[in-house]
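Asker: In the UniProt record's numbering, the protein residues as written are 1 to 139.
The structure that follows is given in the form of structure tokens.
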Amino acid sequence: SGLTLLGQDRKGRLANLGLYNVIKAHATSSDAQALFPVGTRLGIKEPYYKLQNSGHFGLRSDNPCNLIIQRPNSGSKQPNALKTAGNQLFAEKRFEEAAEHFGLALTTAGAAEAQAPLYLNRAAAKLRYKDFPGALADS
Numbered sequence: 001s002g003l004t005l006l007g008q009d010r011k012g013r014l015a016n017l018g019l020y021n022v023i024k025a026h027a028t029s030s031d032a033q034a035l036f037p038v039g040t041r042l043g044i045k046e047p048y049y050k051l052q053n054s055g056h057f058g059l060r061s062d063n064p065c066n067l068i069i070q071r072p073n074s075g076s077k078q079p080n081a082l083k084t085a086g087n088q089l090f091a092e093k094r095f096e097e098a099a100e101h102f103g104l105a106l107t108t109a110g111a112a113e114a115q116a117p118l119y120l121n122r123a124a125a126k127l128r129y130k131d132f133p134g135a136l137a138d139s
């Protein structure tokens with residue numbers, strides 16, 4: 001299932017973003033807004049341009065592993081707070097969001113000893129939403 005967003009680059013230019021396999025088929029617009037709230041910074045590894053159903057070209061990514069997501073104010077949290085939030089999301093079976101929180105914690109955790117449990121937690125979350133290559137890379 002896919003999700004279409006309107007993105008803005010650093011120069012203020014707008015583009016349609018087609019993101020596939022990041023949200024469940026039965027998800028609502030509220031689910032999409034929770035996953036990508038206004039102000040979210042999104043990096044896409046290996047995007048490509050594609051002619052969309054609207055007749056306009058847009059960026060597309062089919063692989064959620066190629067997305068780097070930073071939600072508003074998420075960069076200011078400490079690794080332990082992000083890990084705790086990830087654990088809570090995992091317990092709520094919100095595995096994609098849990099994996100993102102563990103990933104954000106990894107960006108702020110310094111020592112390898114602090115990173116190891118975060119990689120394992122993220123691998124467990126990725127297994128739950130069937131991102132097997134991502135889980136293998138983290139384990």
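The C-beta atom is built at its ideal place from N, Cα and C for all residues, glycine as well.
1) Since Leu59 and Leu17 should fall inside the 8 angstroms C-beta cutoff, what is the C-beta to C-beta distance between them, to a whole number of angstroms?
2) Give me the residue from Pro79, Lys93, Glu97 with the minimum Cα distance to Leu118.
3) Verify whether the separation of the beta carbon atoms of Phe102 and Arg122 is less than 7 angstroms.
4) Would you kindly check if the distance between the Cβ of Ser61 and the Cβ of Ala25 is under 7 angstroms?
5) Assuming Ala125 and Ala105 are in contact, meaning their beta carbons sit under 8 angstroms apart, how far apart are those beta carbons, in whole angstroms?
6) Helix or strand or just coil, what does DSSP make of Ala34?
Answerer: Here's the rundown:
1) One-based indexing of the sequence shown puts residue 59 at position 59. One-based indexing of the sequence shown puts residue 17 at position 17. Sure, about 5 angstroms apart at Cβ, within 8 angstroms.
2) As a working note, residue 118 is residue 118 in the sequence shown. Ranking the options by Cα distance to Leu118, first place goes to Pro79.
3) Along the sequence shown, one-based indexing puts residue 102 at 102. Along the sequence shown, one-based indexing puts residue 122 at 122. For Phe102 and Arg122, yes; Cβs fall inside 7 angstroms.
4) Residue numbering aside, residue 25 sits at position 25 when the sequence shown is read from its first letter. Residue numbering aside, residue 61 sits at position 61 when the sequence shown is read from its first letter. No. Outside cutoff.
5) The count along the sequence shown starts at 1 and reaches residue 125 at position 125. The count along the sequence shown starts at 1 and reaches residue 105 at position 105. So it is not a contact: roughly 12 angstroms between Cβ atoms.
6) To locate residue 34, count along the sequence shown from 1; it is residue 34. Helix at Ala34.
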